[in-house]
Structures are given as structure tokens and as C-alpha cells.
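Written below as C-alpha cells is the structure these notes are about.
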Amino acid sequence: MRNLVNFILKNIYWLLFSFLALFSFYLLIHSNEFQRSKYLSVFQEIAGKVYWVSNSVESYMNLKTINSDLIQRIAVLEQEVKDYKKEVEILSEQVFPMDVHKYEHTYSNPFSFIPAQVVNNQISRMGNNYITLNRGTLAGLKEDMGVLSPNGIVGVVISVSTHFAKVIPILNPNYQPSCKIKGSDYFGTLSWDGKDSRYISLKELPQHADFNIGDTIVTSGFSTIFPEGVLVGTVEDTFKKKGENYNSLKVKLFTNFSALSEVLVVVNALKEEQLNIEKGESDE
Amino acid sequence: MNKTAIQRFLFFILLVLLQIWLFNNIHLFGVATSFVYLDFTLKLPVKMNRNTALMLSALMGLIIDLFGSTLGLNMSVMVIIGFLRFYLLKLFAPRDVYEDYVPSFKTLGTFMFMRYVGTITLIHVTILHLLESFTLFDPVKLMLRILSSFILTFLLICAIESINIKGFKK
Chain C
16 MRNLVNFILK NIYWLLFSFL ALFSFYLLIH SNEFQRSKYL SVFQEIAGKV
66 YWVSNSVESY MNLKTINSDL IQRIAVLEQE VKDYKKEVEI LSEQVFPMDV
116 HKYEHTYSNP FSFIPAQVVN NQISRMGNNY ITLNRGTLAG LKEDMGVLSP
166 NGIVGVVISV STHFAKVIPI LNPNYQPSCK IKGSDYFGTL SWDGKDSRYI
216 SLKELPQHAD FNIGDTIVTS GFSTIFPEGV LVGTVEDTFK KKGENYNSLK
266 VKLFTNFSAL SEVLVVVNAL KEEQLNIEKG ESDE
Chain E
110 MNKTAIQRFL FFILLVLLQI WLFNNIHLFG VATSFVYLDF TLKLPVKMNR
160 NTALMLSALM GLIIDLFGST LGLNMSVMVI IGFLRFYLLK LFAPRDVYED
210 YVPSFKTLGT FMFMRYVGTI TLIHVTILHL LESFTLFDPV KLMLRILSSF
260 ILTFLLICAI ESINIKGFKK
């Protein structure tokens, strides 16, 4: 017994080192699970506050680019609204006089949006990128909600605290949403290679799928996270590895991840209902 | 708590804030990242209990990790650095030193101190990038990252040290 105590006292430096090393490697290997844990969400609240300080300075510097982006976006939307108004006028003359709009609003379009600001954005590090938003459970955010920028897709909320939310962006190899070429129904998975934050690859696209350089890539809408047709990017190049039966596309992203500030969080009102029926449980 | 302990605590907080607010966001040419928080371990007194030094070093890594994105990455590296520090100091620092002897340009001499900083920085940057490249492996880019991050971190730590010297002379 005394020998054991002596041994421990003698080698405490090595033992301490081994213990700390094992602990940190354990954290490293399981880091993705810990990101979702409750203990971390307490710290996330503190980290969010600390980043909020630096961000309140930074956001002023980005105002100019954000403004011009928003103005462009408004212009596009106004044009769309005009087109739709015209279409509605034409249609309402044809369709029988019934109040269809209210019906459509709740049932065919269950998506609404919560605006939020980015407080911490560490894109450009190899691999594991995360984004922090300044809205949490108080604003109605939950896990697995989609996040969009004014220009296109950003990512998915993976954990929320009271005032902050952590988002896993598409620029993280651990998140691979399914996307398709606009106008066709062929879909593939998006995945990032960790090199350039302006480009992403669309992989596992069937060989027989038709596409042209310059085609638009949109979300497939198969998940309950994003509505169908959220803009992702345009096809820039194509490459195929030997022996693979799938095409891969190099996609230029619409979202500018290095200057991300204002985002929208997607709320799907019918999500739980859909998930329940997919699980095979009734809604009651 | 005596005065030096408080100073060390403030230095700890300063380095954490500098790292997470400033240096985590700087990626020179898309490859070079600086890790100035390493300076905390470098500046621990030679005579400090090695177990305490190891724990403090690990704590620094853990806090940087909690603010950053990869849990355990910086901590793993800082545990290894905190462990090796004891043996490296045997190589670089003189045997008989007074209680609060801290490695610096002034105490070790410019050349010796730069060798001390350079060795630890190189080990740190190499291990960190090797661990990080588990997910995405690209040898050329990896070498480039290690080399450029090493140079940047080394220069920044030397710069912080030279500010320290001027501060002490006043």
C-alpha cells in the first residue's frame, strides 16, 4: 500500500499528464455530441455575450455592404411581387370566387421567419465551422431550424440557449443537406472540402441528370428544415472521379460567408406533424 | 494572492480576449493563424510547481476551445505543451534561479529566448494542425499551414515580449 502511494506521489506529473491528455482527446473525438449538451449551452450564453461586445463594433463596419445587398434584394422582391400580383389578377378572374388565400396560407405554406443577427462567425478555419446568433429560445428558436441569409442558404441551428443559438453552416463537413438543380428533380448532397468559403460541391448527382454551367442550385425540400427552392448557388464547374457512378458539381455560393450579418431563421409550423406521421404515430 | 499572481491572472484574461476577439479571426493568406495564447505557458515562472503549470496550461486550452469551435483541440495541444515545458526549460533555462524567475528576452538573453519560444511554438503549431487535419487531409496545404502559422505566431509572441520589456523599463 505504501509502495502504491509512493509510486503515485513520485509519478504524479505523468499521471496528471495522462489523465488530462485522455480527457482532452475524449473531448476532441466526441466534440460533436458535446455541442448539443446542456452543460455547453450555459457556457454558450457567456460566450455569446463576450462575442456580442466585439460584434457591436464590427457590425458598424459592415453596414455599407449590407445596405447595398438589401437594396438589391428589395429590388428583386418588388419585381417578383409585381409579377405575382399580375398573376393573381389573371387567376382570380378564372377561379371561382372563394376565399382561397387564407386556406393556402396556413396549409400549403407553413414557413415563417424570425430575423436574427450573427454575433460570432468563424468561417475559414479548416473543417469545423460554427456560427453564433443573437436569438435563442426566448425568440422562439429551437434545434434543427434552418437559417437563411438575404442571398441564400446558411445552415441549421444545432443548439440553443436562452439568448443565443449555435448554427452549423453548410461550410462544415459534418452537415450535408440535399439539394437539386432548379427545374429538375435530380438531387445530390452538398458538402464542403474545407478550402474556399466561396465554393461548395454538390455530390452524388445521378449521371443522367442534365445540367449546364450557370444553372441554379436550390434546396430539395425533402427535409422539414428548409422550404423547397431556397437559393444555394450557381454551377461553376463539373468533375467526376474515376469509377464513380455519380457526377460532382462545383457550386459558387450566393451567400457571402465572410461578411455574414443579418440572417432569417426558418420556422416550420407543420414540422412536428410531418415528423410524427413519418414516424408512424398519429397526431392525437 | 500576491501581486504577481494577480498580474498573471490579468495576463491570462488579456491573452484569451486577444485570441478570441482578434487573432481567431485573422487568417493571413487563408493559411496562417496565430496562437498568441501560447505566450501564457511560455511566461510561467521556471520554479513554478510543474503540476500547477500543467493544469494552468490545460485550462487555457480548454477556455480557448469553449469560445472557439472545436472542443478539445486546443486543450489537447496545451496539455502536451504544458507537459513538455518542464523538460524544455531544463534545456534552455539555467539551473539555479531565484523564485520569480520568468523566461524573457532580458533574463534568458535574446538568442536563447527566441530559441525557447521557437521550439515550443513549432511543437504547438505542428501538433495542432495534425490533430485538426483528421477530418480533411491535404499534405501540401497542411505543411503550408504549419509553416506560415509558426512564423506568424513566433513573430507575434516576440512582438508582445518586446512590448513587455519596454513596459518594465519605465
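Quick mapping for you: the protein sequence lines, in order, are chains C and E.
Its first residue numbered 16, the first sequence is counted upward by one per residue in the numbering used here.
Its first residue numbered 110, the second sequence is counted upward by one per residue in the numbering used here.
Note that beta-carbon positions come from the ideal geometry of N, C-alpha and C, so glycine has one too.
From a predicted model like this one, the values you see are computed outputs, not experimental measurements.
- Message: So with CB distances below 9 Å, who are the chain E contacts of C/Tyr28?
- Response: Numbered from its first residue, the first sequence carries residue 28 of chain C at position 13. Those are Arg159, Asn160, Leu163, Phe192 and Phe195, listed as they occur along chain E.
- Item | C/Val133 versus E/Ile122 - alpha carbon distance | Walking along the first sequence from the start, residue 133 of chain C turns up at place 118. Walking along the second sequence from the start, residue 122 of chain E turns up at place 13. Distance between the alpha carbons of C/Val133 and E/Ile122 is about 24 Å.
- Message: On the DSSP letters alone, give me the boundaries of the beta strand (DSSP E) that C/Ile232 sits inside.
- Response: On the first sequence, residue 232 of chain C is found 217 positions in, with the first residue counted as 1. In this chain, the beta strand (DSSP E) harbouring C/Ile232 covers Thr231 to Thr234.
- Message: Does chain C have any CB closer than 8 Å to the CB of E/Phe138?
- Response: Translated into the one-based positions of the second sequence, residue 138 of chain E becomes position 29. Answer no: the Cβ-Cβ gap between E/Phe138 and chain C never drops below 8 Å.
- Message: Can you give me the C-alpha to C-alpha distance between E/Leu153 and C/Val65, rounded to a whole angstrom?
- Response: Against the second sequence, residue 153 of chain E aligns to sequence position 44. Against the first sequence, residue 65 of chain C aligns to sequence position 50. Approximately 26 Å, taken between the alpha carbons.
- Task: Please decide whether E/Gly227 counts as near chain C, where near means a Cβ-Cβ distance under 8 Å.
- Result: By one-based count along the second sequence, residue 227 of chain E stands at place 118. So, not an interface residue.
- Task: Excluding the 5 residues preceding and the 5 following C/Val20 in the sequence, name in chain order all residues of the same chain whose CB lies nearer than 8 Å to its CB.
- Result: As a working note, residue 20 of chain C is residue 5 in the first sequence. None.
- Query: So does the segment 188-203 of chain E actually touch the segment 35-47 of chain C, counting three or more Cβ pairs closer than 8 Å?
  - Reply: Segments in contact, yes.
- Quick one: which chain C residues come within Cβ less than 7 Å of E/Phe118? Residue numbering aside, residue 118 of chain E sits at position 9 when the second sequence is read from its first letter. Here the premise fails: no neighbours, minimum Cβ distance about 17 Å.
- Among C/Gly229, C/Lys210, C/Lys195 and C/Asn227, which one has its Cα closest to the Cα of C/Lys218? By one-based count along the first sequence, residue 218 of chain C stands at place 203. With distances taken between Cα atoms, C/Lys218 lies closest to C/Lys195.
- Message: Quick check for students: name the residue ranges of the alpha helix (DSSP H) that lie wholly in the segment 149-187 of chain E, counting only runs of 4 or more.
- Response: 159-176
- Determine the chain C residues that contact E/Gly218 at a beta-carbon separation under 7 Å, and present them in chain order. As a working mapping, residue 218 of chain E is identified with position 109 in the second sequence. Simply none; closest approach about 28 Å.
- Query: Looking at the structure shown, is C/Thr121 part of a helix, part of a strand, or coil, going by DSSP?
  - Reply: Reading the first sequence from its first residue, position 106 is the one you call residue 121 of chain C. Confidence at C/Thr121 is low in this model, with a pLDDT of 46, below 50, so the placement of that residue should be treated as unreliable; the coordinate-derived value is given next. Helix at C/Thr121.
- Sorted by chain position, which residues of the same chain lie with C-beta nearer than 6 Å to E/Ile255's C-beta, five sequence neighbours on each side aside? As a position in the second sequence, residue 255 of chain E is number 146, starting the count at 1. Excluding residues within five positions, the ones whose Cβ falls inside 6 Å are Val234, Thr235 and His238.
- Please report how far the alpha carbon of C/Asn82 lies from the alpha carbon of C/Ser235, in whole angstroms. Within the first sequence, numbered from 1, the residue matching residue 82 of chain C stands at position 67. Within the first sequence, numbered from 1, the residue matching residue 235 of chain C stands at position 220. Approximately 30 Å, taken between the alpha carbons.
- Message: Let me check one thing: in DSSP terms, what residues is C/Ser263 bridge-paired to?
- Response: Reading the first sequence from its first residue, position 248 is the one you call residue 263 of chain C. Residue pairing by DSSP places C/Ser263 opposite C/Phe254 in a beta bridge.
- Query: Interface residues of chain C around E/Ile255 at Cβ under 9 Å?
  - Reply: By one-based count along the second sequence, residue 255 of chain E stands at place 146. Those within 9 Å of E/Ile255 in chain C number zero; the least Cβ separation is about 12 Å.
- Compute the Euclidean distance between the alpha carbons of C/Val172 and E/Asn134, then round it to the nearest angstrom. Here residue 172 of chain C refers to the residue found at position 157 when the first sequence is read from its first residue. Here residue 134 of chain E refers to the residue found at position 25 when the second sequence is read from its first residue. Each residue's Cα considered, the two are about 22 Å apart.
- Check distances from the C-beta atoms of the segment 251-285 of chain C to those of chain E and list, in chain order, the residues that come in under 9 Å. Flagged: no residues at all.
- Message: In the DSSP assignment, the beta strand (DSSP E) including C/Thr204 goes from what residue to what residue?
- Response: Position 189 of the first sequence, counted from the first residue, corresponds to residue 204 of chain C. Here the beta strand (DSSP E) through C/Thr204 covers Phe202 to Ser206.
- For C/Gly248, count neighbouring C-beta atoms within 10 Å of its own C-beta (all shown protein chains included) and say buried if the count is 16 or more, exposed if not. Residue 248 of chain C sits at position 233 when you count from the first residue of the first sequence. Classification for C/Gly248: buried.
- Within 8 Å, strictly: CB atoms of C/Gly155 and C/Val278: Translated into the one-based positions of the first sequence, residue 155 of chain C becomes position 140. Translated into the one-based positions of the first sequence, residue 278 of chain C becomes position 263. No.
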